[in-house]
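Asks: Take this structure, written in structure tokens, and hold onto it; I'll ask about it next.
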Amino acid sequence: MLPKGSAWTNRELETFLCILGEEDVQRELHGSVRNAKVFQLVSDKLLDAGFERNTEQCRQKSKKLRVEYRKVKEQNNRSGDKGKTWKWFNMMDAIYGHQLESKGKEIDTATSLLESKLEPIATPQLNSPAEGSRRAMRAAYQAPSLSTRLKEPNPEELFLLSLAPMLQSLEPEKLSEAKIQIMSVIHRAQFN
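Converting from the sequence shown to my numbering requires adding 451 to each position, the first position being numbered 1.
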């Protein structure tokens, strides 16, 4: 057993996040107040992958990662702030992002991708009902249409959109595993 304060390697942390993202682990974490059994399962799966961490080490690491993820997410959502980067953000967002955005409900992959690429249309201030209606109509006509905004998607967007039908055809457990594996591959390409 590794000492309590020993640092996690990148490979170990990546494996840990992949395990945390598995559908059965997520379901258990959401369904239980006392999650010692869940982190025992995570610890066992880590051991199967060749990494020895006890239940408490897994629980503490999960907690620290969630705290850091929330900090980065909140800072990046504040207008005017420079976006903060974090090596594990994309993997954590794949695991926990839908929880913050939809409070437990999955967001359609293609829809969320498109919405994240579009700038919000400003809502005019309403001084009177008639003036508000005129301003709203004017704003709607002046705003670029969805088709205009999506006319020239980049190749990466097209590739990601091509994955959506395949992902949507998967069973929920396989879908979560596939998302985590995709994020893991991208993470390795980015940081190794």
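Glycine included, each C-beta is placed from N, C-alpha and C at the ideal position. Just so it is clear, the structure is predicted and the values come from calculations on it, not from any experiment.
One question on the structure: do LEU492 and VAL476 come within less than 9 angstroms of each other, judged by their Cβ atoms?
Replies: Taking the first residue of the sequence shown as 1, we reach residue 492 at position 41. Taking the first residue of the sequence shown as 1, we reach residue 476 at position 25. Yes, the pair counts as a contact, with Cβ atoms nearer than the cut-off.
Asks: Using 10 angstroms around the beta-carbon of MET542, count the other beta-carbons present and answer buried if the total reaches 16, otherwise exposed.
Replies: Your numbering for residue 542 matches position 91 in the sequence shown. That one is buried.
Asks: Note the first and the last residue of the continuous alpha helix (DSSP H) segment covering LYS515.
Replies: Reading the sequence shown from its first residue, position 64 is the one you call residue 515. Per DSSP, LYS515 belongs to the alpha helix (DSSP H) from 506-528.
Asks: Can you tell me the Cβ-Cβ gap for ILE470 and ALA545, rounded? I've got them flagged as a contact below 8 angstroms.
Replies: Numbered from 1 along the sequence shown, position 19 holds the residue referred to as residue 470. Numbered from 1 along the sequence shown, position 94 holds the residue referred to as residue 545. Not quite, the Cβ-Cβ distance comes to about 13 angstroms (not below 8 angstroms), so this is no contact.
Asks: Along the chain, where does the alpha helix (DSSP H) containing LYS488 start, and where does it finish?
Replies: For the purposes of this step, residue 488 is taken as residue 37 along the sequence shown, with counting starting at 1. It spans 487-499 - the alpha helix (DSSP H) in which LYS488 sits, taken as one unbroken run.
Asks: Closest by CA to SER494, which one among ILE637, LEU618 and THR466?
Replies: Taking the sequence shown and counting its residues from 1, one reaches residue 494 at position 43. Of the candidates ILE637, LEU618 and THR466, the one whose C-alpha sits nearest the C-alpha of SER494 is THR466.
Asks: Would you call the CB atoms of TYR547 and ARG517 closer than 9 angstroms?
Replies: As a working note, residue 547 is residue 96 in the sequence shown. As a working note, residue 517 is residue 66 in the sequence shown. Going by C-beta atoms, TYR547 is nearer than 9 angstroms to ARG517.
Asks: According to DSSP, is LYS630 part of a helix, a strand, or is it coil?
Replies: Working through the sequence shown from its first residue, we reach residue 630 at position 179. Helix, per DSSP.
Asks: If you run the structure through DSSP and keep just helix, strand and coil, what is LEU618?
Replies: Indexing the sequence shown from 1 puts residue 618 at position 167. DSSP places LEU618 in helix when its eight states are reduced to three.
Asks: Taking the C-alpha atoms as reference points, what is the distance between ALA629 and MET617?
Replies: Position 178 of the sequence shown holds residue 629. Position 166 of the sequence shown holds residue 617. Approximately 10 angstroms between the Cα atoms of the pair.
Asks: Here's the rule I'm using: 16 or more other beta-carbon atoms within 10 Å means buried, otherwise exposed. How should PHE642 be labelled?
Replies: Within the sequence shown, numbered from 1, the residue matching residue 642 stands at position 191. Here PHE642 is exposed, its C-beta having fewer than 16 other C-beta atoms within 10 Å.
Asks: Out of GLY501, SER513, GLY472 and LYS522, which has the shortest C-alpha to C-alpha gap to GLU624?
Replies: Residue mapping note: residue 624 aligns to position 173 of the sequence shown, counting from 1. Of GLY501, SER513, GLY472 and LYS522, the residue nearest in Cα terms is GLY472.
Asks: When DSSP labels each residue in this structure, what does THR460 get in the three-state scheme?
Replies: Taking the sequence shown and counting its residues from 1, the one referred to as residue 460 is at position 9. Three-state result, THR460: coil.
Asks: Please name the residue, chosen from TRP459, ALA500, PHE490 and HIS638, that lies closest to THR506 on a Cα-to-Cα basis.
Replies: In the sequence shown, residue 506 corresponds to position 55, counting from 1. The option with the nearest alpha carbon to THR506 is PHE490.
Asks: State yes or no: is the C-beta of ARG504 within less than 9 angstroms of the C-beta of GLU463?
Replies: Here residue 504 refers to the residue found at position 53 when the sequence shown is read from its first residue. Here residue 463 refers to the residue found at position 12 when the sequence shown is read from its first residue. Against a cut-off of 9 angstroms, the Cβ pair of GLU463 and ARG504 comes out as a contact.
Asks: Work out the CA separation of PHE610 and ILE637 for me, nearest whole Å.
Replies: Here residue 637 refers to the residue found at position 186 of the sequence shown. Here residue 610 refers to the residue found at position 159 of the sequence shown. Taking the straight line from one Cα to the other gives about 14 angstroms.
Asks: Roughly how many angstroms lie between the CA atoms of GLU622 and SER613, to the nearest whole one?
Replies: Against the sequence shown, residue 622 aligns to sequence position 171. Against the sequence shown, residue 613 aligns to sequence position 162. Going by the C-alpha atoms only, they are around 18 angstroms apart.
Asks: Buried or exposed for LYS512, please, with buried defined as at least 16 other CB atoms from any protein chain shown within 10 angstroms of its CB.
Replies: Taking the sequence shown and counting its residues from 1, one reaches residue 512 at position 61. Counting Cβ neighbours within 10 Å, LYS512 comes out buried, since at least 16 surround it.
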